[in-house]
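Structure record follows, encoded as structure tokens.
Protein chains: 2
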Amino acid sequence: MNATAPHTTGTDLQPDLQPDLQPDLHPLDRATRLVPQPDGTLHGHTDADYANQVGPFGGVTAATLLKAALDHPQRLGDPIALTVNYAGPVADGAFTVVATPLRTNRSTQHWWLALQQGDETVTTATAVFAQRRETWTATEVARPAAPAPDTLPRAQYSQVARWIDRYDLRFVRGALFGAPADGSEPDSVSTLWLRDDPPRPLDFVALASICDAFFPRILIRRPKRVPFGTVSITTHFHADTALLQAQGTAHVLGTARAQHFGRGFHDQSAEVWGADGALLATSHQICYFKE
Amino acid sequence: MNATAPHTTGTDLQPDLQPDLQPDLHPLDRATRLVPQPDGTLHGHTDADYANQVGPFGGVTAATLLKAALDHPQRLGDPIALTVNYAGPVADGAFTVVATPLRTNRSTQHWWLALQQGDETVTTATAVFAQRRETWTATEVARPAAPAPDTLPRAQYSQVARWIDRYDLRFVRGALFGAPADGSEPDSVSTLWLRDDPPRPLDFVALASICDAFFPRILIRRPKRVPFGTVSITTHFHADTALLQAQGTAHVLGTARAQHFGRGFHDQSAEVWGADGALLATSHQICYFKE
Numbered sequence: 001m002n003a004t005a006p007h008t009t010g011t012d013l014q015p016d017l018q019p020d021l022q023p024d025l026h027p028l029d030r031a032t033r034l035v036p037q038p039d040g041t042l043h044g045h046t047d048a049d050y051a052n053q054v055g056p057f058g059g060v061t062a063a064t065l066l067k068a069a070l071d072h073p074q075r076l077g078d079p080i081a082l083t084v085n086y087a088g089p090v091a092d093g094a095f096t097v098v099a100t101p102l103r104t105n106r107s108t109q110h111w112w113l114a115l116q117q118g119d120e121t122v123t124t125a126t127a128v129f130a131q132r133r134e135t136w137t138a139t140e141v142a143r144p145a146a147p148a149p150d151t152l153p154r155a156q157y158s159q160v161a162r163w164i165d166r167y168d169l170r171f172v173r174g175a176l177f178g179a180p181a182d183g184s185e186p187d188s189v190s191t192l193w194l195r196d197d198p199p200r201p202l203d204f205v206a207l208a209s210i211c212d213a214f215f216p217r218i219l220i221r222r223p224k225r226v227p228f229g230t231v232s233i234t235t236h237f238h239a240d241t242a243l244l245q246a247q248g249t250a251h252v253l254g255t256a257r258a259q260h261f262g263r264g265f266h267d268q269s270a271e272v273w274g275a276d277g278a279l280l281a282t283s284h285q286i287c288y289f290k291e
Numbered sequence: 001m002n003a004t005a006p007h008t009t010g011t012d013l014q015p016d017l018q019p020d021l022q023p024d025l026h027p028l029d030r031a032t033r034l035v036p037q038p039d040g041t042l043h044g045h046t047d048a049d050y051a052n053q054v055g056p057f058g059g060v061t062a063a064t065l066l067k068a069a070l071d072h073p074q075r076l077g078d079p080i081a082l083t084v085n086y087a088g089p090v091a092d093g094a095f096t097v098v099a100t101p102l103r104t105n106r107s108t109q110h111w112w113l114a115l116q117q118g119d120e121t122v123t124t125a126t127a128v129f130a131q132r133r134e135t136w137t138a139t140e141v142a143r144p145a146a147p148a149p150d151t152l153p154r155a156q157y158s159q160v161a162r163w164i165d166r167y168d169l170r171f172v173r174g175a176l177f178g179a180p181a182d183g184s185e186p187d188s189v190s191t192l193w194l195r196d197d198p199p200r201p202l203d204f205v206a207l208a209s210i211c212d213a214f215f216p217r218i219l220i221r222r223p224k225r226v227p228f229g230t231v232s233i234t235t236h237f238h239a240d241t242a243l244l245q246a247q248g249t250a251h252v253l254g255t256a257r258a259q260h261f262g263r264g265f266h267d268q269s270a271e272v273w274g275a276d277g278a279l280l281a282t283s284h285q286i287c288y289f290k291e
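Protein sequences appear in the order of chains A and B. To convert, note that position 89 of the first sequence is 89 in the UniProt record's numbering; the numbers rise steadily by one, no gaps. To convert, note that position 256 of the second sequence is 256 in the UniProt record's numbering; the numbers rise steadily by one, no gaps.
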């Protein structure tokens, strides 16, 4: 997420992306909708439901870029890795996505992705897709203990940013703004249940967005109101399409922590677990912060 | 690292990259040397000292791409994040690097990097650079306990791949091929001291390569001789130039583990610590494996 990017002016709304012409779409599908153009690019539009304090929620930007590859006619297999770099502020309004399969091997495919507004590249990304096959399997990390989501209250952060209402968040520990402001909190760990609101069957688009929905760790460890924002996020997908489909609309369990804060940046590593106990994705980002 | 890419033929050696014309260069500087061309691209050449079983060691490929941005006249600040995607096999021989500063903001800069041989893009990368400033600082993870490097034997893996001899590796735990082949090893953790051989002052180029020098975790957890290779690696740099310079030629302490193995891929997260106890970098990769 990014809450401090300066606002710039987006281009005009295109008729084929008018939100009120798509009343039956889930908000996430509306926000990530892309319309192919004759020149091979894709047109999209930011969605007010996923607005951040300024511009759109970065998770939806990541999901939109991944969707451009997922929906491409040359797409091979499932996503394995996605890196999204937030190069500049995304303005509210229309944008163009360029999705290029740079190289397709027998079982892997490498993508270059960019989101542009006017003459500016505002977000860049790379993605790796692969045809997955059965192999030996093991999970070395342990799923955090957590009571069932329906035993926990839903977090209320409507006042922080509009996109947060599009997630049903139930914190086990490490809630936003729950720590003392002096940095005396001993760690930045958050563990929480997450689900799209309204509920929506889990897929790679939704999972890519969820991986950026943990709030930068500086807000958990030392909740001062200072500028902050994700600069780059890398998600490794451990689940394939079938495993994601098996999740249905259940909450997923997420846990996130920083390893180091210093000289204007901190990292954040997250795990996303299915309700059935399978590790669906691990995600690593670097965020800037001031003070 | 990647040990299973099919061998293809590189283009001819250029006179300005003849290794024997650079006898005084450290092998890493020779292997990552780039010669600017009139069209703005850079020419390089793989180096036999960093040969893998097939093609070059992937860490040096990552370091070469980062170096293209580091040496660029428009470079701003220090690297913060580097993602390298091994799209296809790098052939022994000459290559071309394209380094494009896609966007330069007031204090951050976003790079698109590619390594090409003939008409093929064989490696892609993105990098984020930033001017770093003093802020609040904290490290949440603990440096692993380790006896001093001079009390441990140097690992001998000359028979595995030639690049390994370019590192002085001293394992505290989790040595290569040290586990039973049946997968009964309980985890894939390795902790080891690493140093360039010959010793070389630490910088971002060396650190980028070291972050890929841990061996894919499948070889630690279940050392069967099966095809494997890094597909994508992301490194987050916590150290700035001054902190790296302070390391001199001391060993760094690395620790790496996988979180999940399954359906042909596993991840790997690593930390690299300075001899003085500072966390220099965290790195996350995804590797393919068979069986």
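Note that CB positions come from ideal geometry on N, CA and C, so glycine has one too. Since the model is a prediction, treat every value here as computed from it, not as a measurement.
Beta-carbon separation (whole angstroms), residue i vs residue j, contact threshold 8 Å
i      : j      : result
A99/B  : L28/B  : The Cβ separation is near 19 Å, so there is no contact.
Q268/A : A258/A : 5 Å
V60/A  : S209/A : 5 Å
R162/B : T191/B : That belief does not hold up - the Cβ atoms of R162/B and T191/B are roughly 24 Å apart, past 8 Å.
L82/A  : A62/A  : 7 Å
L194/B : L169/B : 6 Å
I233/B : Q285/B : 4 Å
F204/A : L244/A : 7 Å
T64/B  : G44/B  : 6 Å
T137/A : L279/A : With a Cβ gap of about 10 Å, T137/A and L279/A do not count as contacting.
Distance between residue j and residue i (C-alpha atoms, nearest Å)
i      : j      : result
T230/B : I80/A  : 12 Å
V97/A  : Q37/A  : 10 Å
V272/B : A256/B : 9 Å
Q131/B : A239/B : 12 Å
H110/A : P180/A : 44 Å
E185/A : R222/A : 7 Å
V122/A : V160/B : 44 Å
D165/B : A155/B : 9 Å
T135/A : G262/B : 6 Å
H171/B : L152/B : It should be noted that the sequence gives Phe, not His, for residue 171/B. Looking at the two C-alpha atoms, the distance is approximately 7 Å.
W112/B : F57/A  : 23 Å
D92/A  : G55/A  : 5 Å
D49/B  : H260/A : 34 Å
F129/B : A69/B  : 9 Å
A94/B  : D78/A  : 33 Å
A125/A : N85/A  : 6 Å
L253/A : T235/A : 16 Å
P216/A : A175/A : 12 Å
A30/A  : G264/B : Note on residue identity: the sequence assigns Arg, not Ala, to residue 30/A. Cα to Cα, R30/A sits roughly 33 Å from G264/B.
D71/A  : G248/B : 49 Å
Q53/A  : G118/B : 46 Å
D187/B : T104/B : 42 Å
With 16 other Cβ atoms within 10 Å as the buried cut-off, status of residue i
i      : result
K290/A : exposed
A145/A : exposed
P199/A : exposed
G274/B : buried
D47/B  : buried
A142/A : exposed
S158/B : exposed
R106/B : exposed
G88/A  : buried
Q74/B  : exposed
P147/A : exposed
D196/B : buried
D212/A : buried
Subject >> Segments assigned beta strand (DSSP E), at least 3 residues, entirely inside the stretch 228-289 of chain A >> reply: 228-237, 252-257, 260-262, 265-273, 279-289
**OP:** Would you list, in chain order, the members of the stretch 87-117 of chain B that have their beta-carbon closer than 7 Å to a beta-carbon of chain A?
**Re:** A87, G88, L102, R103, N105, T108, H110, W112
**OP:** Output, in sequence order along the chain, the residues in the stretch 65-89 of chain A whose CB is closer than 8 Å to any CB in chain B.
**Re:** I80, A81, T83, N85, A87, G88
Original post:
Between the stretch 135-152 of chain B and chain A, which residues of the former have CB atoms less than 9 Å from a CB of the latter, in chain order?
Top reply: T135, W136, T137, A138, T139, E140, V141
Original post:
Can you list, in chain order, the stretches of the beta strand (DSSP E) that have 3 or more residues and sit fully within the stretch 76-147 of chain B?
Top reply: 78-86, 94-104, 108-117, 120-130
**OP:** May I ask you to list, following chain order, the residues of the stretch 215-245 of chain B that have a beta carbon less than 8 Å from some beta carbon of chain A?
**Re:** R221, R222, V231, S232, T234, H236, H238, D240
Subject >> Where the stretch 243-269 of chain A meets chain B: residues whose CB sits under 8 Å from a CB there >> reply: R257, A258, Q259, H260, F261, G262, R263, G264, F265, D267, S269
Subject >> Cβ-based contacts, 9 Å cut-off: residues of the stretch 154-188 of chain B near chain A >> reply: G183, P186, D187, S188
Subject >> Positions along the stretch 31-50 of chain A whose CB lies within less than 9 Å of some CB in chain B >> reply: none
Subject >> chain B contacts from the stretch 274-289 of chain A (Cβ-Cβ distance under 8 Å) >> reply: L279, T282, H284, I286, Y288, F289
**OP:** Counting only runs of 3+ residues fully inside the stretch 137-214 of chain A, write out the beta strand (DSSP E) ranges in chain order.
**Re:** 167-173, 190-196
Original post:
Unbroken beta strand (DSSP E) runs of length 3 or more, entirely within the stretch 23-69 of chain A: which are they?
Top reply: 42-45
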